[in-house]
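Residue numbers (this note's numbering): 24 to 633. So the structure is just underneath, and the comments pick up after that.
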Amino acid sequence: MCGIIGYTGHRPAVPVVIEGLRRLEYRGYDSAGVGFVQGRELHILRAAGKLRQLENKLASCGTFLATSAIGHTRWATHGAPTEANAHPHKAFRGGVCLVHNGIFENYAEHKQILQGKGCVFSSETDTEVLVNLVADERVPGVSLLEAFALALRKAQGAYAVALMDQDEPDVLYAARHSAPLLLGIGRGENYVASDIPAFLPYTRDVVFLEDGEIVRITPASWQIFSLADLMPVSKSAQRIDWDMQSAQKDGFRHFMLKEIFEQPRAIAECMAGRTDASRTAVRIPEMDALPVPSRLRIIACGTSFHAGLWILPLLEEWAGIPTNVEIASEFRYRKPLLAPGETTLVISQSGETADTLAALRIARERHSPVIGLCNVVGSSIARETDAVIFTQAGPEISVASTKALCSQMLVLLLMALYWGQRQNSLPKGLAPEALRALDGLPAQLETALPVLRTEARALAWQHASARSMFFLGRGQSYPLALEGALKVKELSYIHAEGYAAGEMKHGPIALIEPDFPSFFLAPHDALFAKSRSNLEEVQARRGPVVVLTNSPKPGLHLDARQAWIIPDAWGPLKGFFFLPALQLFSYEAATYLGKDVDQPRNLAKSVTVE
Ligand code: AGP
Numbered sequence: 024m025c026g027i028i029g030y031t032g033h034r035p036a037v038p039v040v041i042e043g044l045r046r047l048e049y050r051g052y053d054s055a056g057v058g059f060v061q062g063r064e065l066h067i068l069r070a071a072g073k074l075r076q077l078e079n080k081l082a083s084c085g086t087f088l089a090t091s092a093i094g095h096t097r098w099a100t101h102g103a104p105t106e107a108n109a110h111p112h113k114a115f116r117g118g119v120c121l122v123h124n125g126i127f128e129n130y131a132e133h134k135q136i137l138q139g140k141g142c143v144f145s146s147e148t149d150t151e152v153l154v155n156l157v158a159d160e161r162v163p164g165v166s167l168l169e170a171f172a173l174a175l176r177k178a179q180g181a182y183a184v185a186l187m188d189q190d191e192p193d194v195l196y197a198a199r200h201s202a203p204l205l206l207g208i209g210r211g212e213n214y215v216a217s218d219i220p221a222f223l224p225y226t227r228d229v230v231f232l233e234d235g236e237i238v239r240i241t242p243a244s245w246q247i248f249s250l251a252d253l254m255p256v257s258k259s260a261q262r263i264d265w266d267m268q269s270a271q272k273d274g275f276r277h278f279m280l281k282e283i284f285e286q287p288r289a290i291a292e293c294m295a296g297r298t299d300a301s302r303t304a305v306r307i308p309e310m311d312a313l314p315v316p317s318r319l320r321i322i323a324c325g326t327s328f329h330a331g332l333w334i335l336p337l338l339e340e341w342a343g344i345p346t347n348v349e350i351a352s353e354f355r356y357r358k359p360l361l362a363p364g365e366t367t368l369v370i371s372q373s374g375e376t377a378d379t380l381a382a383l384r385i386a387r388e389r390h391s392p393v394i395g396l397c398n399v400v401g402s403s404i405a406r407e408t409d410a411v412i413f414t415q416a417g418p419e420i421s422v423a424s425t426k427a428l429c430s431q432m433l434v435l436l437l438m439a440l441y442w443g444q445r446q447n448s449l450p451k452g453l454a455p456e457a458l459r460a461l462d463g464l465p466a467q468l469e470t471a472l473p474v475l476r477t478e479a480r481a482l483a484w485q486h487a488s489a490r491s492m493f494f495l496g497r498g499q500s501y502p503l504a505l506e507g508a509l510k511v512k513e514l515s516y517i518h519a520e521g522y523a524a525g526e527m528k529h530g531p532i533a534l535i536e537p538d539f540p541s542f543f544l545a546p547h548d549a550l551f552a553k554s555r556s557n558l559e560e561v562q563a564r565r566g567p568v569v570v571l572t573n574s575p576k577p578g579l580h581l582d583a584r585q586a587w588i589i590p591d592a593w594g595p596l597k598g599f600f601f602l603p604a605l606q607l608f609s610y611e612a613a614t615y616l617g618k619d620v621d622q623p624r625n626l627a628k629s630v631t632v633e
């Protein structure tokens, strides 16, 4: 949420920064801006809306002489998404400007003090207070680095910030606390950014910054200091292996569609190296040093939370581990009791979700070993856990999470098998059977996806005019129903509710009427007969129903008004076909309604504020 890029080097900096901001668009934003020094003068251009609006403004100014710049895409927190509130913000006195991701919690008290000193503010933002604090600290004898550090020490909350000054046009300063920021190291040029894709066409050498670090970059150098005492911190760059192609659309109309179709590959890559040579046992070396949990608490947000709910029954049934699953923003604000030996598992695609990160820290304070399941190498969550397992799904750009969930489900399935092996609690032959089925899964899914897409489109066109929808399921289909509803809400802005099918009769069934469709997930699993009864209850109330089910077999038949036959698979692998069916339905509904699929309104890819 919010994107930052800063560049200093030998190229025209403004186009580099605009291009970098475009690659950060997936993070979500509602205004944008750029700051650069040209002719010894600081220039700031900002616009509400999309980058196109900013580019229209830039078109009438010559920016080609500037070789360093900072840019920002803002997701509004303090003040409406207007041009005046967009970043960069300039200090009232002096030529310093700053971009900021996060929330400066105690800004109001500092604003008052600064106003008392004659400072005039032109926006409603906390960021403008921060840049004026820097200017206020910069008295004779105090360098900009020192003034920046003094100001940041006064700021409570979360931030990633980048700063430039017209008196030192080739130097950029940046710092982070509980918000992502990294350095890209080039030849004769350096970058700071919120995420790797921002500078990926130019360099793959990355330095991950930690909380409490402050950096100074010039075209030829980069130095990191501790914010607490400005002592140098020694770090080296890591080469990351993402390529630009995997961060581009590859001919698909949207990143979301591309990422849905990447799921077979995500499964194959996620499996790689995680079984023994004979394909009879699961290997997860990252977890070998940790004991098998006596209890497990899974904590996550949004789609990642659904992954946790999905695996719960298998952790209990296969591995014998009592498990509960919690929403991070709820967990962090109670006083949770963690039993001795209880392990915490945090799940996060981005590894930067503020609530999940806070929950992780609480669990660690209470001496619970914490395992992280993340997609982004070097992310905060990945770095702060006792053991981290990467989903290896590749960059997920679309705000709507798709392949990340598929890969989370897969790793979690492997974890349930792995702990089951260590506990000796797996039914005989189950692991080899599961692994055989998993081997065939990528190819089956590859074949199924185009067909599912055609079917999803027909259904979406038929139902996209509904004002509300239910997604219903039981057992492992219940979290998938929640996910189906979440996707429809976030992409199509249609009200959709995911519900446990067995709970319908306890209230929600009252909503059923002829223009309120229900999408019923009824795979051929142990709960099929129960789902069939729940389906009949809904159909009896004359609600339109679409049943997602497997091809009828003797004894496994239901009387559905409209059926969507989903390819069948071994046991819990059925979910790997129901999931893309739901994703494709929401995608097709959103495109039919003309919505912004990759950047839905009000949303951000990585939710770095609480
Ligand atoms: C789902 O499509 C959303 N992008 C959202 O619910 C997301 O899963 C949630 O914000 C958690 O993100 P994380 O996995 O990066 O922690």
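Note that beta-carbon positions come from the ideal geometry of N, C-alpha and C, so glycine has one too. Fair warning: this is a prediction, and the values are worked out from it, not measured in the lab.
Asked, Found
"Cβ-heavy atom distance, G331 to ligand 1, below 7 Å", "no"
"Contiguous beta strand (DSSP E) assignments of at least 3 residues, all confined to the stretch 357-414", "365-371, 393-397 and 410-413"
"DSSP state of Y522 mapped onto helix, strand, coil", "strand"
"heavy atom of ligand 1 below 7 Å from T100 C-beta", "no"
"Rounded separation between Q135 and G118 - CA only", "22 Å"
"Check: A479 C-beta below 7 Å from any heavy atom of ligand 1", "no"
"Opening and closing residue of the beta strand (DSSP E) in which G645 lies", "No statement about residue 645 is possible, as the shown extent of the chain runs from 24 to 633 and does not include it."
"Coil, strand or helix - N124 by DSSP", "strand"
"Whole-Å CB distance - T414 paired with A423, under 8 Å assumed", "Not a contact, Cβ separation roughly 16 Å."
"For A523, the nearest candidate out of I517, F539 and A545 (CA to CA)", "A545"
"Host alpha helix (DSSP H) of D311 (start-end)", "Taken as a continuous stretch (DSSP letters only), D311 belongs to no alpha helix (DSSP H), as it is neither H nor E."
"Burial state of A559, where buried means 16 or more other Cβ atoms lie within 10 Å", "For clarity, residue 559 is Glu in the given sequence; the question names Ala instead. Flag for E559 reads exposed."
"Check: E353 C-beta below 7 Å from any heavy atom of ligand 1", "no"
"Buried/exposed call for W341, threshold 16 Cβ in 10 Å", "buried"
"Collapsed DSSP secondary structure at M438 in the structure displayed", "helix"
"Reference V184, options I28, F551 and P567, closest by Cα", "I28"
"Y356, buried or exposed, once every other Cβ within 10 Å from all chains shown has been counted against 16", "exposed"
"Spatial distance of A55 from L223 (CA atoms)", "20 Å"
"Cβ-based burial, S430 [other Cβ within 10 Å; buried from 16]", "buried"
"Residue(s) in a DSSP beta bridge with N347", "R320"
"Start and end residues, beta strand (DSSP E) containing A586", "Q585 to I588"
"Delimiting residues of the alpha helix (DSSP H) encompassing L461", "L453 to H486"
"Residues whose Cβ lies closer than 5 Å to any heavy atom of ligand 1, in chain order", "C324, G325, T326, S327, S371, Q372, S373, T376, A423, S424 and V630"
"Pick from M279, S391, V568 and S373 that is closest to V630, judged by C-alpha positions", "S373"
"Coil, strand or helix - L195 by DSSP", "strand"
"F59 - containing beta strand (DSSP E), residue span", "S54 to Q61"
"Chain D within 8 Å of P546, Cβ atoms only", "Here there is only one protein chain, and chain D is not present."
"Any 3 or more C-beta pairs closer than 8 Å across the stretch 396-405 and the stretch 332-347", "no"
"Sub-8 Å separation of N79 and F115 beta-carbons", "no"
"Within 8 Å, strictly: CB atoms of S146 and H112", "yes"
"Three-state class that DSSP yields for L44 in the structure shown", "helix"
"Cβ shell of A489 (< 8 Å), same chain only, five flanking positions each side left out", "I517, D538, F539 and P540"
"As assigned by DSSP and simplified to three states, the class of K140", "coil"
"Own chain, CB closer than 8 Å to G62, minus 5 neighbours either side, in chain order", "L88"
"Residue range of the unbroken alpha helix (DSSP H) whose run includes D159", "D149 to E160"
"8 Å Cβ cutoff met for S371 and S301", "no"
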